[in-house]
Every structure is written in C-alpha cells, then in structure tokens.
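Heads up: the sequence shown runs through residues 1 to 286, numbered per the numbering used here. What follows is a short report on a single structure.
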Amino acid sequence: MTAPHAQPDPATRPPAATGELFTRFFDDAALFPPGNATMATAVPAFLRRRGTLAGPFVLPAARLGEVGVHLDRSGPPLDLALIAAAADLPAAAGTIARDPGLRLAAVEATVAVDAAQARLTVRTAADCLPPGLPVAVEVPRTAARDEVLDALAGTGCRAKLRTGGVRADLFPPIAELAATIRACVDRGIAFKCTAGLHHAIRHTDPVTGFHHHGFLNVLLAADEPSRAAEHLARTDAAEIAAELLTWSPARARRARAVFTSFGTCDIGDPIHDLVHLGLLPETITP
C-alpha cells in the first residue's frame, strides 16, 4: 500500500519533520522475513549508508560468525543491534568487543516469558554490557505481559513489542497493541517494535490479507496513549502527515523517547512512504 500524498508546503516544514522525528528510527532488519537478504548483500548495503535515518544492523547472536568476511575493514565499524538470549549475551558481547570492525549499538533480548526471566536478562545485561547501552526485552503477548513490564520498570531497559510476522496471528489486534503501549507509558518504559511495520499507515496487504499496523500510527499512539486505539485504527494518511508537520522539535523528541525505533527488512519502503507523504525530502538518504 502507498499512502496518498499530503502535499505540504516545503517552506513551512518544521525542523521535527526531517530532524528529531525520524533520526535512527529504522533499524536494518534485512536478514529477516519477508526480505530474507543474504549476509553478503545485507552487510555491504548497510555499510554504504551514510544518512541519519537508519539505526543499527539487527543480527541474531547465532549468526555473529558470518559477519566478519563481509566487513570493510578500512571503513567505520558495523553498528549492531544484537538479538540474544540472556545465556548467550556475555559471550556474544565479548566477541563483538574484541573485533574492531564491529560496534555493539544495542541489544534485543529474546522474549521474556515471565518476570523471573525478565529480571535475569536485566541482571545479565548490567553485568556484561557498558552502562547506557540500549537494551530492549521482548514482551510476551500473554497474561504475563504486565508482570514482565513491572520487572522492567525503573531499570532503564526498553520493551520490544512484536507487531507482526509471517502469520496472521503474529499481528496483535488494535486493542491489544494499544493496551500494551499504554502499559509501557504508564510505567515509564520506552519501546521499540519488531516485524510487520512495513509502511507508514495502517493497511491490509493485498497478497497475504494481513492487517498491518502503520509505524506513523504507532508514533501517534506513543505520543497520545490515551487515544492509542483510535490512532492505531486510522487510515487517513494525508491528515496524519499534516498533523505530524505541526509537531515541534520538542514534541518529536518526546514521542521518539517513547517509541525509539522499529526493525524493517527494507529501509527503502518506509522512507519512500515518508517522501510520498511530504514528511521527508526526495533527496533524503537512509
């Protein structure tokens, strides 16, 4: 789906639209479905980027050994968002620290099924990672959600919310996602999202029939959690773009402090949507 063009006046575009609002918003998940890029393609493509929109390269700990051969040792290190279980985190973090071609930019812990597992992840991260490194713990879509969030509250760790996948049941309904966003905000927990946010605005995929959340819908919900369900249901692309163009840089920073980033298997798709909506200039690079 491609949203209709909002056709704003470029002369009135506020700094938020091309500054704080989308900086490092798009984590590069090229290795994951439905893109499933090869390591040989994904790593060089990431290293060629010189823009400010792309976040780190998302990599499972189990595939860490595949990266080295594709690095450009003459250039900057590869920024990694490492996906790892608590048990694998110390060894994987150590491997990255010893390789000058790699830089650990963030950690995404696998789903915590209960509060005990969430607390173990928090302790492990504190023991083996540099202070201040972003750590997100995937939150279960079960009755244990709130106890996991309670365990994360006050730790500085973020929540990782699953917003889609390769099956319809992996896409949380609007009411569920809205409630999870409110639960995060109520506890002062920032969140990132993973999977399914292929486009800016809520839509139905014409091939799979899956109902996808839009990443701008999620951003609006993060900004105004009391109306999260309403914002997640919206499909009025031009109106959404027009609203975002009125945001001040301070409001953009507040919203992004809540919704920090999301993984996308093709960074070009969300950026194309934002250009089409007039929220980014056509000359933008990731």
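From the three backbone atoms N, C-alpha and C, an ideal C-beta is built for every residue, glycine too. Please read all numbers here as calculations on a predicted model, not as lab measurements.
Same chain, Cβ closer than 7 angstroms to residue i, neighbours up to 5 away in sequence not counted
{"i": "Cys128", "result": "Leu89, Pro90 and Ala93"}
{"i": "Glu282", "result": "Val275"}
{"i": "Glu20", "result": "Pro249, Ala252, Arg253 and Arg256"}
{"i": "Pro225", "result": "Ile181, Arg182 and Val185"}
{"i": "Ala118", "result": "Ala112, Val137, Val148, Ala151 and Leu152"}
{"i": "Ala61", "result": "Leu82, Ile83, Ala84, Asp88 and Ala92"}
{"i": "Asp205", "result": "His212"}
{"i": "Ala42", "result": "Ala30 and Leu31"}
{"i": "Ala37", "result": "Ala30 and Leu31"}
Member of the options whose CA lies at the smallest distance from the CA of residue i
{"i": "Phe22", "options": "Glu230, Glu224, Arg227 and Leu219", "result": "Leu219"}
{"i": "Ala229", "options": "Leu244, His213 and Asp273", "result": "His213"}
{"i": "Trp247", "options": "Leu279, Thr38 and Arg227", "result": "Leu279"}
{"i": "Ala179", "options": "Arg227, Leu245, Thr110 and Thr208", "result": "Arg227"}
{"i": "Lys287", "options": "Val258, Thr95, Glu243 and Val207", "result": "Since the displayed the chain opens at 1 and closes at 286, residue 287 lies outside it and no answer follows."}
Cβ pair residue i, residue j closer than 8 angstroms
{"i": "Thr264", "j": "Phe57", "result": "no"}
{"i": "Asp146", "j": "Ala116", "result": "no"}
{"i": "Ala125", "j": "Val139", "result": "no"}
{"i": "Thr121", "j": "Ala81", "result": "no"}
{"i": "Gly101", "j": "Arg63", "result": "no"}
{"i": "Ala221", "j": "His211", "result": "no"}
{"i": "Ala195", "j": "Gly164", "result": "yes"}
{"i": "Asp266", "j": "Gly75", "result": "no"}
{"i": "Ala168", "j": "Arg202", "result": "no"}
{"i": "Gly65", "j": "Asp99", "result": "no"}
{"i": "Leu59", "j": "Ile83", "result": "yes"}
{"i": "Pro33", "j": "Val166", "result": "yes"}
Beta-carbon proximity list for residue i, same chain, < 6 angstroms, skipping 5 on both sides
{"i": "Ala11", "result": "Since pLDDT at Ala11 reaches only 46, below the 50 mark, its modelled position is unreliable, and the value read off the structure follows with that caveat. Counting only Cβ-Cβ distances below 6 angstroms, and skipping sequence neighbours, we find nothing."}
{"i": "Pro130", "result": "none"}
Inter-residue CB distance, residue i and residue j (contact presumed, cutoff 8 angstroms)
{"i": "Leu133", "j": "Val107", "result": "7 angstroms"}
{"i": "Arg309", "j": "Thr260", "result": "No answer is possible for residue 309: the residues shown for the chain start at 1 and end at 286."}
{"i": "Leu47", "j": "Leu78", "result": "6 angstroms"}
{"i": "Ala30", "j": "Ala45", "result": "7 angstroms"}
{"i": "Arg141", "j": "Pro172", "result": "6 angstroms"}
Nonlocal neighbours in the same chain, by C-beta distance under 8 angstroms from residue i, ignoring five residues either side
{"i": "Gly51", "result": "Ile284, Thr285 and Pro286"}
{"i": "Ala153", "result": "Arg187, Gly188 and Ile189"}
{"i": "Phe262", "result": "Phe25, Phe26, Asp27, Thr163, Lys192, Cys193, Thr194, Leu197, Phe215 and Val218"}
{"i": "Gly268", "result": "Pro286"}
{"i": "Glu176", "result": "Arg141"}
{"i": "Leu170", "result": "Arg162, Gly164, Ala195 and Gly196"}
Any non-hydrogen atom of the ligand SAH closer than 7 angstroms to residue i Cβ
{"i": "Ala255", "result": "Annotation note on the ligand SAH: not contained in the displayed structure, which lists no ligands."}
Range of the contiguous alpha helix (DSSP H) that encloses residue i
{"i": "Thr124", "result": "Ala115 to Cys128"}
{"i": "Ala229", "result": "Ala228 to Ala233"}
{"i": "Phe46", "result": "Met39 to Arg48"}
{"i": "Val185", "result": "Ile174 to Asp186"}
{"i": "Ile83", "result": "Careful: Ile83 lies outside any alpha helix (DSSP H), inside the beta strand (DSSP E) at Leu78 to Ala84."}
{"i": "Val258", "result": "Pro249 to Val258"}
{"i": "Leu59", "result": "First-last for Leu59: Ala54 to Pro60, but that is the beta strand (DSSP E), not the alpha helix (DSSP H)."}
Enclosing beta strand (DSSP E) for residue i [first to last residue]
{"i": "Glu138", "result": "Val135 to Glu138"}
{"i": "Val107", "result": "Leu102 to Ala109"}
{"i": "Thr194", "result": "Phe191 to Thr194"}
{"i": "Arg162", "result": "Arg158 to Arg162"}
is_contact[residue i, chain D] using C-beta, thresh 8 angstroms
{"i": "Ala250", "result": "Among the protein chains of the structure shown there is no chain D, as only one such chain exists."}
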